[in-house]
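Student: Have a look at the structure that comes next, please.
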């Protein structure tokens, strides 16, 4: 398949495919006698996996470290559950940090509002 066909089928841009290829996230496409890239249709599933993983907060480095297989599921359920569990724990920690920051900001705001004096106008 040509890059435009793969991009459309996977719901990504051609520039994103070229970027992934350049960075080694996806395998380089075979080149036909005419010099055009010829992509395997199985790449569609991989590109969709990458997009889904990124939407869940995984970095490209984390994604590229995943062992990709073949078949109906390109990542084993065991591996996927382990990765998702680690990501969930990281998000729980980020949420706790954000809540603590929010609490400190609100405390500082309250302190500043309580100490604010009203300046007469004019």
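Residue numbers (the UniProt record's numbering): 1 to 122. Think of the CB as a built atom: it goes at the ideal place given N, C-alpha and C, for glycine as much as any other residue. Every value quoted in this text rests on a predicted model; they were computed, and no experiment measured them.
Is it buried or exposed, residue 47, if we count other Cβ atoms within 10 angstroms and call 16 or more buried?
Tutor: buried
Student: Could you name the residues of the same chain whose beta carbon sits closer than 7 Å to that of residue 53, not counting the 5 residues immediately before and after it, in chain order?
Tutor: 63
Student: Residue 22 lies in the alpha helix (DSSP H); which residues open and close that run?
Tutor: Residues 14-23.
Student: Which residues does DSSP pair with residue 37 in a beta bridge?
Tutor: 31
Student: Once you ignore the five residues that flank residue 26 on each side, which residues in its own chain have a CB closer than 8 Å to its CB?
Tutor: 17, 20, 43, 46, 47 and 50
Student: Under three-state DSSP, which class holds residue 59?
Tutor: coil
Student: Work out the CA separation of residue 14 and residue 97 for me, nearest whole Å.
Tutor: Whole-angstrom Cα-Cα distance: 38 Å.
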